[in-house]
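Down below is the structure, laid out as structure tokens.
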Amino acid sequence: MYIIVVGAGKVGWNLARELLEKGHEVTLIESNRRRYLTVEQELEHNVSYGDASELWVLERAGIQRADMVIAVTGDDEDNMLICQVAREKYLVERIIARVNNPRNRPHFDLLGIKPSVSATDLILRLLEHEVPEYGLVHLLDLQEEQLEIIEMLLGKDSGVTGRRVGDLHMPEGSLLISVLRSGKGFVPTADTVLEEGDEVLAVLDPGKEDDLKALFGPEGNGDGG
Amino acid sequence: MFVLIVGCGRVGSSVARGMLRDGHEVSCLDEDPESHARLEVGLEKSWEDLGGHFTVGAGLETEALVAAGIERADAFIASTDGDNTNIIIAQIAQKRYRVATVIARVLDPLRAEWYQRQGLHTVCPTSVAIDMLEGAVRKAAEGGGADPDDSAAAA
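Just so you know, the sequences run in chain order A and B. When the letters of the first sequence are read in order and numbered with the numbering used here, they come out as residues 1 to 225. When the letters of the second sequence are read in order and numbered with the numbering used here, they come out as residues 1001 to 1155.
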């Protein structure tokens, strides 16, 4: 397949590299000169410099014969416009748009730009898995169902290490669903004792992230947020 | 008529004053609170005293659009400094809020032309400038280089 990727940020660069490794033909378009030069050192002729919301830039990249256009810039308006033009003007069959601000998703839907991917799901799978200490990583947003799945790494001063899962006062609307320890995952029971270095997965109602962070972070005491 | 203008730069603020002067109800939306000052350039009273509305927020934010009155707007003008922003918010005004008259300022002639053909009313200042410059040069070439203003000044 011939795939045009727009935006050579962390997402676009990794995506282009993965697609090239899978044997696809790829053009990555980047409008920032310095970023372009950086990425070009690795991807060479697979990177093109220009603003992909300019039609001639897309045409120069060969959009007429593209099988797919993926817009993953940091700007939702740009992603929407590029995908709209790709599909409606150049009749590209498949498009994927990145949604930076989840609140903009209704706009993508309104303009018929589907599928749109929130920076929180598909994209994260492509990124190297770097979990900052106490950082909370969104693994999946179930938009229709109004649920999220997040991951947290327990540091050595986390308030919940050494405690039984059954003794934690999980915030209402959240549930611990799995623990990853030494490379293996299991479903915790009330008697599971959390350890430093555990990665815990939780399902929660949107908006409960801060409560969970408070519970599992250094200042947490296991008594809920 | 209720006119909503998103993007209160030189163009947006001038159009806003003009519409207000014509007796329309005018609401402006801009991310930058400072842009309010531009609205009052040359006015003797404050923008609000003259009946104008001003909301701080981004054109893509539903709450900001609603606060600025998009649900009762008869006309919507997208005049931010971003072509893509203007094209997208104009379509939102058209498709979601069914605003009767929607106009987007688009600097890039190619995008302006294509979206115009898709049924979006676009205004392209770049095309206007190109036409005027070309026209001026052609006129000069035909008339031996004299421009009416120049000859008046020389006389």
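Each residue gets a CB set at the ideal place from its N, CA and C atoms; glycine is no exception. Predicted model only: the values in this text are computed from it and were never measured.
*Give me the Cα-Cα distance between residue 227/A and residue 1057/B, rounded to the nearest whole angstrom.*
As shown, chain A starts at 1 and ends at 225. That puts residue 227/A outside it, with no answer to give.
*asked:* Would you say residue 206/A lies against chain B (beta-carbon separation less than 8 angstroms)?
replied: no
*Are the beta-carbon atoms belonging to residue 80/A and residue 111/A less than 8 angstroms from one another?*
yes
*Which residue's Cα is closest to the Cα of residue 168/A: 193/A, 181/A and 145/A?*
193/A
_Residue environment, residue 114/A, which counts as buried when at least 16 other CB atoms sit within 10 Å_ = Label assigned to residue 114/A: exposed.
*Give the range of the beta strand (DSSP E) segment to which residue 1104/B is assigned.*
Where residue 1104/B is concerned, the enclosing beta strand (DSSP E) starts and stops at 1101–1105.
_residue 1105/B to residue 1008/B span [Cα, whole Å]_ = Taking the Cα positions, residue 1105/B is about 12 angstroms away from residue 1008/B.
*Answer yes or no: do residue 46/A and residue 20/A have a C-beta to C-beta separation smaller than 8 angstroms?*
Against a cut-off of 8 angstroms, the Cβ pair of residue 20/A and residue 46/A comes out as a contact.
_Close-in-space but distant-in-sequence residues of the same chain around residue 1109/B (CB under 8 angstroms, 5 per side omitted)_ = 1124, 1126, 1127 and 1130
*Can you tell which of 92/A, 90/A and 17/A has the C-alpha that lies nearest to the C-alpha of residue 42/A?*
17/A
*With residue 1115/B as the anchor, note down where its alpha helix (DSSP H) starts and where it stops.*
1109–1117
*Inter-residue Cα distance where the pair is residue 56/A and residue 182/A*: 52 angstroms
*Where residue 1110/B meets chain A, residues with beta-carbon distance less than 8 angstroms*: 54, 55 and 56
_Alpha carbon of residue 202/A to alpha carbon of residue 160/A, nearest angstrom_ = 14 angstroms
*asked:* Beta carbons nearer than 9 angstroms to chain B: which residues of the segment 57–78 of chain A have them?
replied: 75, 76, 77 and 78
*Any idea what DSSP makes of residue 152/A, helix, strand or coil?*
Here residue 152/A sits in strand by DSSP.
*Within the present structure, is the beta-carbon of residue 1033/B separated from the nearest heavy atom of the ligand MN by less than 7 angstroms?*
Annotation note on the ligand MN: not contained in the displayed structure, which lists no ligands.
*Is it buried or exposed for residue 1036/B, if we count other Cβ within 10 angstroms and need 16 for buried?*
buried
*Kindly list, in the order they appear in chain A, the residues whose Cβ is closer than 7 angstroms to that of residue 1087/B.*
81
*Establish whether the CB of residue 1007/B and some CB of chain A are separated by less than 8 angstroms.*
no
*Given residue 66/A, which residues of its chain have a CB within under 6 angstroms of its CB, disregarding the five upstream and five downstream residues?*
Correct list, in chain order: 2, 4 and 92.
*asked:* If I measure Cβ to Cβ from residue 191/A and keep anything under 8 angstroms in the same chain, skipping five residues before and after, which residues do I get?
replied: 164, 165 and 166
*Would you call the CB atoms of residue 1086/B and residue 1078/B closer than 8 angstroms?*
The answer is yes: Cβ separation under 8 angstroms.
*Counterpart residues of residue 184/A in DSSP-defined beta bridges*: 181/A
*Quick one: using the 10 Å Cβ neighbour count with 16 as the cut-off for buried, is residue 1151/B buried or exposed?*
Any reading at residue 1151/B must be qualified, since the residue scores a pLDDT of 48, below 50, and its modelled position is unreliable; no value is offered.
*Just the Cα atoms here: how many angstroms apart are residue 1060/B and residue 104/A?*
7 angstroms
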